[in-house]
Amino acid sequence: AQSVSQHNHHVILSEAASLELGCNYSYGGTVNLFWYVQYPGQHLQLLLKYFSGDPLVKGIKGFEAEFIKSKFSFNLRKPSVQWSDTAEYFCAVTPSQGNMLTFGGGTRLMVKP
Amino acid sequence: DTEVTQTPKHLVMGMTNKKSLKCEQHMGHRAMYWYKQKAKKPPELMFVYSYEKLSINESVPSRFSPECPNSSLLNLHLHALQPEDSALYLCASSQDSVIPQTQYFGAGTRLSVL
Chain A
17 AQSVSQHNHH VILSEAASLE LGCNYSYGGT VNLFWYVQYP GQHLQLLLKY FSGDPLVKGI
77 KGFEAEFIKS KFSFNLRKPS VQWSDTAEYF CAVTPSQGNM LTFGGGTRLM VKP
Chain B
123 DTEVTQTPKH LVMGMTNKKS LKCEQHMGHR AMYWYKQKAK KPPELMFVYS YEKLSINESV
183 PSRFSPECPN SSLLNLHLHA LQPEDSALYL CASSQDSVIP QTQYFGAGTR LSVL
């Protein structure tokens with residue numbers, strides 16, 4: 017079975033700071049990778065996903081992530097955060113066959129204005 | 123329209139009550155999912171329906187009973203719940219459950235069991 021680790025549980029940044037959230041997964045085969053965001057009181061939304069191809073993936077709202085296969089990592093980045101990015105961020109994986117998401121523990125991001 | 127609608131938004135029930143959660147999508151998706159999310163924890167998969175048939179049950183207690191009356195609707199029937207079942211229950215849908223693809227989530231039903 018696959019597992020996902022997000023090392024940063026809470027991150028506090030000032031506006032305009034750069035963001036990098038770590039995500040590592042454990043699985044013996046090929047995986048598909050996702051980052052979801054959950055704004056306060058709102059539903060989970062997909063930020064970006066990686067299935068194959070270019071390991072640098074661009075998502076919505078200026079977010080990007082890089083898949084590094086040798087490190088089993090899929091870190092999320094944004095060059096300059098805004099107050100509106102305050103939310104909880106979840107990394108998730110599915111195996112190459114099957115669509116059962118396994119989520120990491122989440123990172124709660126607070127951006128101070 | 124990428125909307126998954128869940129009702130009710132909030133539900134309070136006693137341990138002897140029977141209640142149901144409802145989920146609806148009109149995206150033509152053939153896979154629907156129930157997740158449970160405890161406070162400050164990630165969502166955990168409970169059930170997967172594929173083409174209106176239950177395909178995955180992640181060892182969920184029988185006091186939770188899912189039902190898929192048609193391809194657009196997914197219900198979760200609740201009976202004799204325990205206080206530890208209090209959580210946010212999320213519904214999601216995707217084109218199907220075999221080929222990996224985006225799951226679209228509803229806003230959830232926040233359940234409190236007294």
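Those sequence lines, one after another, are chains A and B. The numbering used here numbers the first residue of the first sequence as 17 and each following residue consecutively. The numbering used here numbers the first residue of the second sequence as 123 and each following residue consecutively. By construction, the Cβ of each residue, glycine as well, lies at the ideal position given by its N, Cα and C atoms. Given the structure is predicted, the values throughout are model-derived calculations rather than measurements.
Closer than 7 Å by beta-carbon distance: list the chain A residues that pair up with residue i, in chain order.
i        : result
B:Val182 : What B:Val182 touches in chain A: nothing, since even the nearest Cβ is about 14 Å away.
By how many angstroms is the C-alpha of residue j removed from the C-alpha of residue i?
i        : j        : result
B:Ile178 : B:Asn192 : 17 Å
A:Pro129 : A:Val53  : 20 Å
B:Arg152 : A:Ala81  : 29 Å
B:Lys140 : B:Glu180 : 22 Å
A:Gly44  : A:Ser89  : 14 Å
A:His25  : A:Leu35  : 14 Å
A:His23  : B:Pro164 : 14 Å
B:Glu125 : B:Lys131 : 15 Å
B:Leu200 : A:Phe67  : 36 Å
A:Val47  : A:Gly122 : 19 Å
B:Met168 : B:Tyr157 : 5 Å
A:Gln18  : A:Cys39  : 13 Å
B:Leu236 : B:Lys162 : 20 Å
B:Pro222 : A:Phe50  : 11 Å
A:Thr102 : B:Pro188 : 34 Å
A:Ser96  : B:Gln128 : 34 Å
A:Met78  : A:Ala108 : The question names Met, but residue 78 of chain A is Gly in the sequence shown. Taking the straight line from one Cα to the other gives about 19 Å.
B:Lys144 : A:Lys94  : 36 Å
A:Asn106 : B:Gln147 : For the record, residue 106 of chain A in the displayed sequence is Phe; it is not Asn. So the alpha carbons of these two residues sit roughly 23 Å apart.
A:Val127 : A:Leu37  : 14 Å
Based on the DSSP output, what are the partners of residue i in its beta bridges?
i        : result
A:Ser30  : A:Lys128
A:Phe79  : Looking at the DSSP assignment, A:Phe79 forms no beta bridge with any residue, so it has no partner.
B:Pro222 : In DSSP, B:Pro222 forms no bridge with anything.
B:Thr231 : B:Tyr211
A:Trp51  : A:Leu64 and A:Cys107
A:Val73  : A:Ala81
B:Thr127 : B:Glu146
B:Ala153 : B:Ser172 and B:Ser216
B:Lys141 : B:Leu200
B:Ser187 : B:His199
A:Ser89  : A:Asn40 and A:Ile84
For residue i, which residues in chain B fall below 9 Å Cβ to Cβ?
i       : result
A:Ser2  : Not covered by the structure: residue 2 of chain A. The range shown for chain A is 17 to 129.
A:Asn48 : Pro222 and Gln223
Can you find a C-beta in chain E that's less than 7 Å from the C-beta of residue i?
i        : result
B:Ala229 : The structure shown has no chain E; the protein chains it does contain are A and B.
So which residues on chain B does residue i lean against when the C-beta distance must stay under 8 Å?
i       : result
A:Gln58 : Ala229
A:Gly38 : Neighbours of A:Gly38 on chain B: none; closest Cβ ~15 Å, over 8 Å.
A:Gly45 : Result: empty, since nearest Cβ-Cβ is about 12 Å, beyond 8 Å.
Using the beta-carbon of each residue, which ones in chain A are nearer than 8 Å to residue i?
i        : result
B:Ser219 : Gly114, Asn115 and Met116
Residues of chain A with CB closer than 9 Å to the CB of residue i, please, in chain order.
i        : result
B:Ser216 : Asn115
Please identify, using Cβ separations under 8 Å, the residues of the region 160–183 of chain B that lie next to chain A, in order along the chain.
So the close ones are Lys162, Lys163, Pro164, Pro165, Glu166, Leu167, Val170 and Ile178.
For the region 205–212 of chain B and the region 109–119 of chain A, state whether three or more C-beta atom pairs, one from each stretch, are separated by less than 8 Å.
Look at the beta carbons and you see the region 205–212 of chain B not touching the region 109–119 of chain A: under three pairs across the two are nearer than 8 Å.
Name the residues in the region 180–210 of chain B whose C-beta lies less than 7 Å from a C-beta of chain A; which are they?
Closer than 7 Å at the C-beta level to chain A, one finds no residue of the region 180–210 of chain B.
Report the residues of the region 60–76 of chain A with a CB closer than 8 Å to any CB of chain B, ordered along the chain.
Against chain B - using a Cβ distance shorter than 8 Å - the residues of the region 60–76 of chain A are Leu60, Gln61, Leu62, Lys65 and Phe67.
Where the region 73–107 of chain A meets chain B: residues whose CB sits under 8 Å from a CB there
So the list reads Phe106, given in the order they occur along the chain.
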